[in-house]
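Comments concern the structure below.
Protein chains: 2
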Amino acid sequence: MKKSVIVGQSGGPTAVINASLYGVVKEALERESSFDKVYGMINGIEGFLNGRIMDMKPLEQSGELELIRTTPGSYLGSCRYKLPEDLKDPVYPKLFEKFDEYGIGFFFYIGGNDSMDTVSKLSRYAESIGSEVRFIGIPKTIDNDLVHTDHTPGYGSAAKYVASTVREIGVDASVYDNKKSVTIVEIMGRHAGWLTAAGVLARKYEGDNPVLIYLPETAFDTDRFIQDVEKALEKTPNLVVCISEGINDGKGAFICELASDVGVDTFGHKMLTGSGKYLENLVKERLGVKVRSIELNVNQRCSSSMLSAVDLTEAAESGAYGVGAALAGETGKMVSFRRRPGKEYGLDYAAEDVTLICNKEKTVPLEWITRDGADIGQEFIDYALPLIQGEVEVPSENGLPLFAYRR
Amino acid sequence: MKKSVIVGQSGGPTAVINASLYGVVKEALERESSFDKVYGMINGIEGFLNGRIMDMKPLEQSGELELIRTTPGSYLGSCRYKLPEDLKDPVYPKLFEKFDEYGIGFFFYIGGNDSMDTVSKLSRYAESIGSEVRFIGIPKTIDNDLVHTDHTPGYGSAAKYVASTVREIGVDASVYDNKKSVTIVEIMGRHAGWLTAAGVLARKYEGDNPVLIYLPETAFDTDRFIQDVEKALEKTPNLVVCISEGINDGKGAFICELASDVGVDTFGHKMLTGSGKYLENLVKERLGVKVRSIELNVNQRCSSSMLSAVDLTEAAESGAYGVGAALAGETGKMVSFRRRPGKEYGLDYAAEDVTLICNKEKTVPLEWITRDGADIGQEFIDYALPLIQGEVEVPSENGLPLFAYRR
Numbered sequence: 011m012k013k014s015v016i017v018g019q020s021g022g023p024t025a026v027i028n029a030s031l032y033g034v035v036k037e038a039l040e041r042e043s044s045f046d047k048v049y050g051m052i053n054g055i056e057g058f059l060n061g062r063i064m065d066m067k068p069l070e071q072s073g074e075l076e077l078i079r080t081t082p083g084s085y086l087g088s089c090r091y092k093l094p095e096d097l098k099d100p101v102y103p104k105l106f107e108k109f110d111e112y113g114i115g116f117f118f119y120i121g122g123n124d125s126m127d128t129v130s131k132l133s134r135y136a137e138s139i140g141s142e143v144r145f146i147g148i149p150k151t152i153d154n155d156l157v158h159t160d161h162t163p164g165y166g167s168a169a170k171y172v173a174s175t176v177r178e179i180g181v182d183a184s185v186y187d188n189k190k191s192v193t194i195v196e197i198m199g200r201h202a203g204w205l206t207a208a209g210v211l212a213r214k215y216e217g218d219n220p221v222l223i224y225l226p227e228t229a230f231d232t233d234r235f236i237q238d239v240e241k242a243l244e245k246t247p248n249l250v251v252c253i254s255e256g257i258n259d260g261k262g263a264f265i266c267e268l269a270s271d272v273g274v275d276t277f278g279h280k281m282l283t284g285s286g287k288y289l290e291n292l293v294k295e296r297l298g299v300k301v302r303s304i305e306l307n308v309n310q311r312c313s314s315s316m317l318s319a320v321d322l323t324e325a326a327e328s329g330a331y332g333v334g335a336a337l338a339g340e341t342g343k344m345v346s347f348r349r350r351p352g353k354e355y356g357l358d359y360a361a362e363d364v365t366l367i368c369n370k371e372k373t374v375p376l377e378w379i380t381r382d383g384a385d386i387g388q389e390f391i392d393y394a395l396p397l398i399q400g401e402v403e404v405p406s407e408n409g410l411p412l413f414a415y416r417r
Numbered sequence: 011m012k013k014s015v016i017v018g019q020s021g022g023p024t025a026v027i028n029a030s031l032y033g034v035v036k037e038a039l040e041r042e043s044s045f046d047k048v049y050g051m052i053n054g055i056e057g058f059l060n061g062r063i064m065d066m067k068p069l070e071q072s073g074e075l076e077l078i079r080t081t082p083g084s085y086l087g088s089c090r091y092k093l094p095e096d097l098k099d100p101v102y103p104k105l106f107e108k109f110d111e112y113g114i115g116f117f118f119y120i121g122g123n124d125s126m127d128t129v130s131k132l133s134r135y136a137e138s139i140g141s142e143v144r145f146i147g148i149p150k151t152i153d154n155d156l157v158h159t160d161h162t163p164g165y166g167s168a169a170k171y172v173a174s175t176v177r178e179i180g181v182d183a184s185v186y187d188n189k190k191s192v193t194i195v196e197i198m199g200r201h202a203g204w205l206t207a208a209g210v211l212a213r214k215y216e217g218d219n220p221v222l223i224y225l226p227e228t229a230f231d232t233d234r235f236i237q238d239v240e241k242a243l244e245k246t247p248n249l250v251v252c253i254s255e256g257i258n259d260g261k262g263a264f265i266c267e268l269a270s271d272v273g274v275d276t277f278g279h280k281m282l283t284g285s286g287k288y289l290e291n292l293v294k295e296r297l298g299v300k301v302r303s304i305e306l307n308v309n310q311r312c313s314s315s316m317l318s319a320v321d322l323t324e325a326a327e328s329g330a331y332g333v334g335a336a337l338a339g340e341t342g343k344m345v346s347f348r349r350r351p352g353k354e355y356g357l358d359y360a361a362e363d364v365t366l367i368c369n370k371e372k373t374v375p376l377e378w379i380t381r382d383g384a385d386i387g388q389e390f391i392d393y394a395l396p397l398i399q400g401e402v403e404v405p406s407e408n409g410l411p412l413f414a415y416r417r
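Right, dumping it as structure tokens:
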């Protein structure tokens, strides 16, 4: 008897997590003879536990599936549910009963670190009970912090958004070019600086903004920062600085925590100021120049305005590759990206052991960070530039991007 | 002897202020036989006083002028210099000596309220001394707050950016759809709510986010706000609320000022929290639900990622119209937009007395604000929707938007 496919999404949204969903569903429907049904789980494994699933085929027939491809965020909804470490927990037999109930033979989970942990646990449990359900992870994260893969879908579009936004902020900052000013741009990434590093791509010529870039990979010293800013202002009166939200003192304390020690709001709450706001106040205090901080915020991960065609294509292809890998008998694997050697950018997909991937973090190599932790080198540019290439035309209606949504 | 043209930009940047610059320069160069040179002033009237001007013709020959059309921000640089009220001030004869020195006969100033004040003063001074220099204002402001014009260039693209970004934030907010959460989006506009009102365009169906929208035109009551949020959460667990940065109590106090009374940072400074952050803390305090605030920040005015084709075209056309008006003998005028009656959107340009325009503010009509100040009505939608239509392809290079910049 033919088995059914189920696909889910987990963790934070990205601009192309739905392209991976599209890739899985499209490929599964194209290989219809190999499968019974193609289901989506609503709100990930947590929703699945509550029986919240949907048939995906009607979406192809209605044309909605095409629209899903360019819709940011998680069409199926997400969750942050972590499966228990103990494989003897009763949730596991409960889940596998549900797999039986729906005739599931192929399980695809699109997500980051935590989602790969789910794939790892489910595949290990399956092995322990001799279940034949196959589990495949499809990578997704704007943080680009998964190991055993060249990069992850979602990163390219987020990097393109960051780079173009920082370039626009540079334009905005340069309007009054006779007065010294500092603009601090705070970019997502608590532990890995991949996305902040993408700020360097905004530079049009040597010495152009952003002149200073700080990642969480190196220890951040506030005195050193002030010296860097002071020196940079001599050459660049309208200075733009990129910082990761996760910049830290190298001993485990985030720079933003320095602020929240003291700031108190109207209600007597600690003010949870970001790192950018903290440094804004520091520059004002120490240098007395005009300064502002800008938090790029959630649009880094949910904007469709700066989709990278390369990223979108790879997101969909990795979903499709996962379906092929599962059919070929793989389980407990994540689809990983292998960059071909040589100057011309090219990519091969592979299936890597998910247990080696989950719960690990890949950070920016220290040798790619230059000028004593205040800039990014050419190696990073060579690495990241191919990932932001190509524009995507998002369908629009009445002057605005048209997105798919579950009704 | 033929006279020369000079054009300048003033005030904050917009996405299309350079399209107006393009319009003026292109039209002046096309009517070359009527003029001697076409100059740009660097950093507005302030730079001009210091003799900082440039010849614009080489930009057309090099192709740079085409690139300027889709570059956000002020290519020529801006200033916030306000001319003295007293027309007997020595700066006036100094300026007119400079006009003579460069053979200027036609002066175009692209800007908002304050820039129109400059045009008014210069044209009145010219009249008082019998000078034949003609002064024309080209409107520009994302705030859309100029009187005697249907709307202003810059607003359409900013509104499109706000609407699409709010729609994307709605997508981001709906990912975990089983828990109550509030996302507060703070949008630019201290005194006029035009840009915040554009949040309503993000709605895809009745009851969709943003469910609540607050403008500075009506008095904001924090208790009432909490009631609104509590009620809205019953129907919409992932609530998105749009607020103007300028929401106020109707008696002259901004809501953000309520916060800065008490918040103190690490350095003992008052925390200049925005209205969004204040309301975030208020919701947390009173309702105990998950809440975040997002400041859309400078990208509202400097992003080229959501250019409205209608806005870009009108910005360029108003520049060109200004040149024609000056040649026809007009001075002391601003190019104004007159919407044609009827369902089909159409626009005529006219020259309006700039003295009636400067130093006034047009706010959103109170009858367009509904649900006791918590929503926006259909009249606004009918007004704003034509202004955000059409997409613009911005030239790109290496995966990023390519902008013109002065070398």
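The listed protein sequences derive, respectively, from chains P and B. If you're matching positions, the first sequence starts at 11 in this note's numbering and goes up one per residue. If you're matching positions, the second sequence starts at 11 in this note's numbering and goes up one per residue. Ideal Cβ placement from N, Cα and C applies to all residues, glycine included.
| Continuous alpha helix (DSSP H) assignments of at least 4 residues falling wholly in the stretch 183-223 of chain P | 204-207
| How about B:Asp182: is its C-beta nearer than 8 Å to some C-beta of chain A? | In the displayed structure, chain A is absent; the protein chains listed are P and B.
| message | Could you compute how far the alpha carbon of B:Thr246 sits from the alpha carbon of B:Leu222? | response | Counting from 1 along the second sequence, the entry for residue 246 of chain B is found at position 236. Counting from 1 along the second sequence, the entry for residue 222 of chain B is found at position 212. Distance between the alpha carbons of B:Thr246 and B:Leu222 is about 11 Å.
| query | In its own chain, which residues sit with a C-beta less than 6 Å from the C-beta of B:Tyr91, not counting the 5 before and 5 after it? | reply | If you number the second sequence from 1, residue 91 of chain B lands on position 81. Apart from the 5 residues on each side of it in sequence, B:Tyr91 sits with its Cβ closer than 6 Å to the Cβ of Ile55 and Glu56 in its chain, given in chain order.
| message | For P:Pro418, which residues in the same chain have their Cβ closer than 7 Å to its Cβ, ignoring the five residues on either side in sequence? | response | Given a span of 11 to 417 for chain P in the structure shown, any question on residue 418 of chain P remains unanswerable.
| message | For the stretch 233-264 of chain P, list every residue whose C-beta sits within 9 Å of some C-beta in chain B, in sequence order. | response | none
| request: State the Cα-Cα distance for the pair P:Tyr224 and P:Ala173, rounded to the nearest angstrom. | output: Within the first sequence, the letter at position 214 stands for residue 224 of chain P. Within the first sequence, the letter at position 163 stands for residue 173 of chain P. Looking at the two C-alpha atoms, the distance is approximately 15 Å.
| said: Helix, strand or coil, according to DSSP, for P:Ser328 in the structure here? | reply: In the first sequence, counting from the first residue as 1, residue 328 of chain P sits at position 318. In this structure, P:Ser328 counts as helix in the three-state DSSP scheme.
| query | Between the stretch 281-312 of chain B and chain P, which residues of the former have CB atoms less than 9 Å from a CB of the latter, in chain order? | reply | Met281, Thr283, Lys287, Tyr288, Asn291, Leu292, Lys294, Glu295, Arg302, Ile304, Glu305, Leu306, Asn307, Val308, Asn309, Arg311 and Cys312
| Less than 8 Å separating the beta-carbons of P:Pro396 and P:Tyr355? | Position 386 of the first sequence, counting from 1, holds the residue named residue 396 of chain P. Position 345 of the first sequence, counting from 1, holds the residue named residue 355 of chain P. The answer is yes: Cβ separation under 8 Å.
| query | Among B:Asp96, B:Val402 and B:Gly383, which residue has its Cα nearest to the Cα of B:Ser138? | reply | Looking up residue 138 of chain B in the second sequence gives position 128. Per the Cα distances, B:Asp96.
| said: Under DSSP, the alpha helix (DSSP H) around P:Ala136 begins and ends at which residues? | reply: Working through the first sequence from its first residue, we reach residue 136 of chain P at position 126. Per DSSP, P:Ala136 belongs to the alpha helix (DSSP H) from Asn123 to Ile139.
| request: Measure from the alpha carbon of P:Tyr165 to the alpha carbon of each residue in P:Thr128, P:Arg311, P:Leu243 and P:Cys252, then state which is nearest. | output: Taking the first residue of the first sequence as position 1, residue 165 of chain P is located at position 155. Per the Cα distances, P:Arg311.
| field | Under 7 Å by beta carbon: chain B residues contacting P:Asn408 | value | The residue given as residue 408 of chain P occupies position 398 in the first sequence. Correct list: Leu395.
| request: Can you have a look at P:Arg381 and say buried or exposed, based on whether 16 or more other CB atoms are within 10 angstroms of its CB? | output: Indexing the first sequence from 1 puts residue 381 of chain P at position 371. Flag for P:Arg381 reads exposed.
| said: With the cut-off set at 8 Å, would you say P:Glu324 and P:Ser346 are in Cβ contact? | reply: As a first step, residue 324 of chain P must be located in the first sequence, where it is residue number 314. As a first step, residue 346 of chain P must be located in the first sequence, where it is residue number 336. For P:Glu324 and P:Ser346, no; Cβs fall outside 8 Å.
| field | Euclidean distance between Cα positions of B:Pro411 and B:Val404 | value | As a first step, residue 411 of chain B is located in the second sequence; it is residue number 401 there, counting from the start. As a first step, residue 404 of chain B is located in the second sequence; it is residue number 394 there, counting from the start. C-alpha separation (whole angstroms): 6 Å.
| query | Are the beta-carbon atoms belonging to P:Arg79 and P:Ala326 less than 8 Å from one another? | reply | As a first step, residue 79 of chain P is located in the first sequence; it is residue number 69 there, counting from the start. As a first step, residue 326 of chain P is located in the first sequence; it is residue number 316 there, counting from the start. It is a contact, given that the beta carbons lie within the stated cut-off.
| request: Taking 8 Å as the threshold, find out whether the stretch 190-197 of chain P comes into contact with the stretch 224-235 of chain P through three or more Cβ pairs. | output: no
| task | Could you list which residues in chain B have their beta carbon closer than 8 Å to that of P:Arg177, in chain order? | result | To locate residue 177 of chain P, count along the first sequence from 1; it is residue 167. Ordered by position in chain B, the residues that pass the 8 Å Cβ test against P:Arg177 are Leu410, Pro411 and Phe413.
| field | chain P within 8 Å of B:Tyr91, Cβ atoms only | value | Along the second sequence, one-based indexing puts residue 91 of chain B at 81. No, B:Tyr91 lies away from the interface with chain P (no Cβ there is under 8 Å from its Cβ).
| Mind checking whether P:Val320 and P:Gly209 have CB atoms under 8 Å apart? | The residue you call residue 320 of chain P lines up with position 310 of the first sequence. The residue you call residue 209 of chain P lines up with position 199 of the first sequence. No, Cβ-Cβ distance for P:Val320 and P:Gly209 is not below 8 Å.
| Limits of the unbroken beta strand (DSSP E) element including P:Lys370 | Residue mapping note: residue 370 of chain P aligns to position 360 of the first sequence, counting from 1. That residue, P:Lys370, is in no beta strand (DSSP E); it is neither H nor E in DSSP.
| query | Name the chain P residues that come within less than 8 Å of B:Leu69, Cβ to Cβ? | reply | Against the second sequence, residue 69 of chain B aligns to sequence position 59. The contacting residues do not exist; B:Leu69 stays about 17 Å from chain P at best.
| request: Classify B:Leu249 as helix, strand or coil using the three-state DSSP reduction. | output: Locating residue 249 of chain B in the second sequence gives position 239, where the first residue counts as 1. B:Leu249 falls in the strand class under three-state DSSP.
| query | Given P:Lys370, which residues of its chain have a CB within under 6 Å of its CB, disregarding the five upstream and five downstream residues? | reply | Against the first sequence, residue 370 of chain P aligns to sequence position 360. If we look at P:Lys370 and ignore the five residues flanking it on each side, its Cβ neighbours are Val157.
| Does P:Tyr32 have its Cβ less than 8 Å from a Cβ in chain B? | The residue labelled residue 32 of chain P in the question sits at position 22 within the first sequence. No, because no Cβ of chain B sits closer than 8 Å to the Cβ of P:Tyr32.
| field | chain B contact residues for P:Gln399, given Cβ-Cβ distances below 9 Å | value | On the first sequence, residue 399 of chain P is found 389 positions in, with the first residue counted as 1. The contacting residues are Asn408 and Gly409.
| Beta-carbon of B:Pro23 versus every beta-carbon of chain P: anything under 8 Å? | In the second sequence, counting from the first residue as 1, residue 23 of chain B sits at position 13. So yes, B:Pro23 belongs to the interface.
| task | Using DSSP bridges, identify the partner residues of P:Asp385. | result | Locating residue 385 of chain P in the first sequence gives position 375, where the first residue counts as 1. P:Thr380, per the DSSP bridge assignment.
| query | What does DSSP give as the partner residues of B:Leu410 in its beta bridges? | reply | As a first step, residue 410 of chain B must be located in the second sequence, where it is residue number 400. BP columns for B:Leu410 point to B:Glu407.
| task | Give the residues of chain B in contact with P:Lys170, contact being defined as C-beta atoms less than 8 Å apart. | result | For this step, residue 170 of chain P is matched to residue 160 along the first sequence. Within 8 Å Cβ-Cβ: Gly409 and Leu410.
| query | When DSSP builds the beta bridges, which residues end up paired with B:Val15? | reply | Looking up residue 15 of chain B in the second sequence gives position 5. Paired residues: B:Val48 and B:Phe116.
| query | Of the choices P:Lys104, P:Ser254 and P:Asp233, whose alpha-carbon is the least far from that of P:Arg296? | reply | The count along the first sequence starts at 1 and reaches residue 296 of chain P at position 286. Closest option to P:Arg296, Cα to Cα, is P:Asp233.
| query | Taking Cβ positions only, does B:Val185 come closer than 8 Å to chain P? | reply | Within the second sequence, the letter at position 175 stands for residue 185 of chain B. It does: the Cβ of B:Val185 has a partner Cβ on chain P nearer than 8 Å.
| field | Chain-ordered neighbours of P:Leu97 on chain B, where CB pairs are closer than 7 Å | value | Taking the first residue of the first sequence as position 1, residue 97 of chain P is located at position 87. In chain order: nothing, as chain B lies at least about 26 Å away.
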